[in-house]
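What follows is one structure encoded as structure tokens, with my remarks underneath.
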Amino acid sequence: MLKKGVVFTVIALVTTFLFTNSLYFVVAESEDVVNFQKTLLTHHRPIHIEGNNGFTAGNGVTGGDGTPENPYIISNWVISLAAGYGIRVCNTDVYFVIENCCISGNEILSSIDISPIGIYFNNVTNGRIVNCTCINCGFGILLVSSSNNTVEGCCCENDAHGISINGCPCGYTTSSDNNIIKNCTFSNCGDGVYFCCLPGSSNNLIEDCLVSNNRRGVVLDHCIHYTLIVGCNISDNKEVGVEIISASSHNYISNNIFWKNKEHARDNCKNIWDNGPIFGGNYWEGHNTSTPYEIPGMGNSRDLYPLEKEPKQKPFIAFFSSSPHLPLLGQEVCFDATPSYTPMKTVSYEWDFGDGTHSNGCTVKHVYSKEGWYNVTLKVANETVNDTFTQLIHVVELTQGAIHVPDVTATIQKAIDNAKPGYTICVENGTYYENIVVNKPYLTLVGSGYRTIIDGRKKGDVIYITAPFVTITNFTIRNSSLGGAGVQLGKPDYIVDALGCYIKNNQISGNSIGINMSETECNTVERNVVTENLVGIHSIRSYNNTFTFNRVFLNNIGFLFEYGSNWNKITN
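Be aware that the sequence shown starts at 534, since it is given in the numbering used here, and climbs by one per residue.
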């Protein structure tokens, strides 16, 4: 009889092997060829391709030379494995097709969360996955930091995630753009389609897919933007058909069928659920189409034009993104209509910038000569149909100026109300019993040192920032309410509003939370003393922030980073 210590050692060694190696096995013992979907598939060991030179016969390549006209072909393989990767491609930009392959994990091992990744791309462009099947995998198909790829006609079943485009852990510094998922089936998975952590990515398309009998059908989780879900059948999912969460906005969901899901959709952000009165919205089983379909969730989204019957025609969608987020007067603004959905290839793009000027083209640039709010309209058209999309753009003019408190105004809040973007508000020493809301961009609030005290009187947040590019420096900030914060960055509403802010050289004490960050990004928290709070610094769904040279001590909890708080840096 083996001793217990020996048994535990063997289990540990086996577990370590499974998680660090590709363990594969051959299903058919008598023959090395199986018939799958009327195609003869040959067993192959796991395929790992690193770089363009990795496309070799030993790695399953059966033809091609990597050009657009003659892509490499990896086809007609069956790969069975318990852990690791079935087909792994990294760091390539040549053209290739993976087709008619079947990758399967072990059903028993997958039930205890030991399962492989079927097909994996990392830093890959110009790849196509066609008519492949991935069964009993952790991820059936996983794309990381990969753009301009197509997944077509594939089937993912009994996977934890059928297909995922995923930015963890490096999603802020890389992107996954212009990927197409079409005519695929995702069934009996935990999540049929799972997009996660893609703040710098856009223009991904999920088209004409069957997403059924999963726990969740399609999930857009954490900073997913400008993704289109069009023409899909989303049915019989056990929890929800489409779920959009954690600062995922500007996505377009239209002309889909929602059928017999426990909950058809849930949107905690701000997204678009219909394509106007001509092409309509989505078909919602069980809904009276005489009224808009209210999408459950914090986003208060609606499908204004729910369809009376299943959609038969392809929609035509005008859609665009713009950058920068908050343009300054005289700054060049880029408008990009690439996210538009135009099944007919010959189309025109017409722009109305809202200031009396116009332009043509898919991607255009414009400079505004006056500050203000502008309705920018894109019209996409061909010979027979057209569609328009309008987005409100705020152009900000920075004005040099200063307001002194209490010399000019008695309160800090009144100074904020009177200030213009670009102003500096200078606050002299003293105790100011206020709860301040900073709702204008590009304001700088400067105290005279730690004897410049803002006291919240235990009546909520002491300073509440809802605008971008705000600086708070040289204050003592104290006495929030229970549950409130000394400095609240961002509205806790799943939408990014405060970004690019600086919180520097402050003493923040005696609050429920010293600094609380909700749905915010690219902020700097530097050289603050954060002490004697219940929680020193708290972050939820906030990312790419920098915390440096802060003294965080004598709090019940120093740092508390919760769900969706990725790519943050804590130094010194």
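All residues carry an ideal CB built from backbone N, CA and C; glycine is no exception.
For residue j and residue i, believed in contact at Cβ under 8 angstroms, the rounded distance
{"i": "H1187", "j": "V611", "result": "Because the chain here runs from 534 to 1105, residue 1187 falls outside it and cannot be looked at."}
{"i": "T707", "j": "N682", "result": "The pair is not a contact, with the Cβ atoms about 14 angstroms apart (cut-off 8 angstroms)."}
{"i": "D1030", "j": "T999", "result": "5 angstroms"}
{"i": "Y816", "j": "K842", "result": "7 angstroms"}
{"i": "I493", "j": "A615", "result": "The shown model of the chain, from 534 to 1105, leaves out residue 493, and the question about it has no answer."}
{"i": "S475", "j": "R1011", "result": "Coverage of the chain is limited to positions 534 through 1105, which leaves residue 475 absent and any answer about it impossible."}
{"i": "G980", "j": "N1007", "result": "4 angstroms"}
{"i": "N766", "j": "W806", "result": "That belief does not hold up - the Cβ atoms of N766 and W806 are roughly 17 angstroms apart, past 8 angstroms."}
{"i": "E1059", "j": "F1082", "result": "6 angstroms"}
{"i": "V938", "j": "E961", "result": "7 angstroms"}
{"i": "G993", "j": "S1013", "result": "7 angstroms"}
7 angstroms Cβ cutoff met for residue i and residue j
{"i": "S779", "j": "G1097", "result": "yes"}
{"i": "S959", "j": "A943", "result": "It should be pointed out that residue 959 corresponds to Cys in this sequence rather than to Ser. No, the pair does not count as a contact, with Cβ atoms beyond the cut-off."}
{"i": "F672", "j": "S697", "result": "yes"}
{"i": "D754", "j": "C722", "result": "no"}
{"i": "I606", "j": "G599", "result": "no"}
{"i": "E690", "j": "S720", "result": "yes"}
{"i": "C701", "j": "C667", "result": "no"}
{"i": "I945", "j": "Y965", "result": "yes"}
{"i": "I650", "j": "V684", "result": "no"}
{"i": "K898", "j": "E865", "result": "yes"}
{"i": "L862", "j": "V928", "result": "yes"}
{"i": "N808", "j": "I850", "result": "yes"}
{"i": "V995", "j": "V971", "result": "no"}
{"i": "F654", "j": "V622", "result": "yes"}
{"i": "E796", "j": "V775", "result": "no"}
Range of the contiguous alpha helix (DSSP H) that encloses residue i
{"i": "I936", "result": "Taken as a continuous stretch (DSSP letters only), I936 belongs to no alpha helix (DSSP H), being part of the beta strand (DSSP E) at G934 to V938."}
{"i": "Q946", "result": "I945 to N951"}
{"i": "G809", "result": "G809 to F812"}
Beta-ladder partner(s) of residue i, from DSSP
{"i": "F629", "result": "Y605 and G660"}
{"i": "M1050", "result": "L1022 and S1072"}
{"i": "A798", "result": "V775"}
{"i": "V763", "result": "E740 and S787"}
{"i": "F922", "result": "L911"}
Cutoff 6 angstroms; reference residue i; Cβ partners in own chain excluding five residues on either side
{"i": "H783", "result": "H758 and Y759"}
{"i": "N633", "result": "T572, S608, N609 and N664"}
{"i": "L978", "result": "I958 and I1005"}
{"i": "F1086", "result": "T1064"}
{"i": "P844", "result": "N788"}
{"i": "F558", "result": "The pLDDT assigned to F558 is 44, lower than 50, so where the model puts this residue is not dependable; a value taken from the coordinates is nonetheless given after this. Cβ neighbours of F558 beyond the five flanking positions: S613."}
{"i": "T871", "result": "N736"}
{"i": "I1103", "result": "F1080"}
{"i": "S856", "result": "C867"}
{"i": "T718", "result": "C688 and L743"}
{"i": "G832", "result": "D800, N801, C802 and K803"}
{"i": "S745", "result": "S720, S768 and D769"}
{"i": "N1101", "result": "N1078"}
{"i": "Y983", "result": "T1009 and Q1040"}
{"i": "F1094", "result": "S1072"}
{"i": "I1090", "result": "V1068"}
{"i": "N1105", "result": "T1081 and F1082"}
{"i": "Y727", "result": "H694, S697 and V752"}
Beta-carbon proximity list for residue i, same chain, < 8 angstroms, skipping 5 on both sides
{"i": "N1088", "result": "G1047, V1063, T1064, E1065, N1066, L1067, V1068 and G1069"}
{"i": "G887", "result": "Y907, N908, V909, T910 and I926"}
{"i": "E640", "result": "N669 and N691"}
{"i": "D710", "result": "S680, N681, S734, S735, N736 and N737"}
{"i": "N716", "result": "E685, G686, E740, D741 and C742"}
Contact with chain C by residue i, beta-carbon distance below 7 angstroms
{"i": "H797", "result": "Annotation note: the requested chain C is absent from the structure, which comprises a single protein chain."}
Opening and closing residue of the beta strand (DSSP E) in which residue i lies
{"i": "Y997", "result": "I996 to I998"}
{"i": "W906", "result": "G905 to A914"}
{"i": "V684", "result": "T683 to E685"}
{"i": "F588", "result": "Where F588 is concerned, there is no enclosing beta strand (DSSP E), given that its DSSP letter is neither H nor E."}
{"i": "F1086", "result": "R1084 to F1086"}
{"i": "H891", "result": "H891 to N893"}
{"i": "S637", "result": "C635 to S637"}
{"i": "G673", "result": "F672 to V677"}
{"i": "Y727", "result": "D724 to C729"}
{"i": "T1057", "result": "T1057 to E1059"}
{"i": "I1005", "result": "T1004 to T1006"}
Own chain partners of residue i with C-beta closer than 7 angstroms, once the 5 adjacent residues on each side are dropped
{"i": "N603", "result": "G597"}
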